[in-house]
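Colleague: This is the structure I want to talk about, given as structure tokens.
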Amino acid sequence: IFSGRLMLMPKMRARATRPDLVQAADALLMGRPADAYWLLRDSVAHFPSDPVTLWMAGDLSSRAGRNDEAAALLGRCIGVAPNFTSARYGYALVLTWLERIPEALEQADCLLRTEPENPMFHQLRASSCKRLGDEAEAARSYEFVLSRRPDQALTWMSYGHTLKAIGRQGAA
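In our numbering, the protein residues as written are 67 to 238.
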């Protein structure tokens, strides 16, 4: 399910309209993240409220493990463009990695209001609910994911552990 993040690079290239963003996207596609980083750093300085610039820079920061920086950039991005789904999803993931689980859950719920049938968003919600101790709600979200994507072995494992936690060992 999370392989969707790998698909973002071509999506970034398609959204890049300014030459600096095209160069950064091309650098990412060619496996040159350091070049993309410097291009995007300059782009953020010159276009501090451009959502595509903030999204690309935030995504690259998260890939490099600079999650505090990524959260700041992606948070700014969805502040400017609240309906930017890819940026909001990335922001939710980064919040999870930063252990800011209530905020990640809030972002997952926001994503689900716009795309209620999206298994990735339900997976994010399930993970957040589980980490917050709401096992029953996590189980409901895992069930939704598995009804759409029964091939997800890790989701089955998480679902089984969740069922055991709520006393439904027989169903696990």
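All C-beta atoms, glycine included, are put in the ideal place defined by N, C-alpha and C.
Relative to the alpha-carbon of R234, which residue among E201, R132, D86 and V160 has its alpha-carbon at the smallest distance?
Modeller: It is E201 whose Cα lies nearest to the Cα of R234.
Colleague: What is the rounded straight-line gap between the Cα of A147 and the Cα of R191?
Modeller: Rounded to whole angstroms, A147 to R191 spans 22 Å at the Cα level.
Colleague: Roughly how many angstroms separate the alpha carbons of A130 and L164, rounded to a whole number?
Modeller: Answer to the nearest angstrom: the Cα atoms are 14 Å apart.
Colleague: Three-state secondary structure (DSSP) at N133?
Modeller: Note: N133 maps to helix in three-state DSSP.
Colleague: Suppose the cutoff is 7 Å on Cβ atoms and the five residues either side in sequence are ignored; what does the same chain contact list for A102 look like?
Modeller: A90, A93, L94 and L126, listed in sequence order.
Colleague: Put L105 into one of helix, strand or coil per three-state DSSP.
Modeller: Three-state result, L105: helix.
Colleague: To the nearest angstrom, how far is the alpha carbon of R107 from that of A153?
Modeller: Taking the straight line joining both Cα atoms gives about 17 Å.
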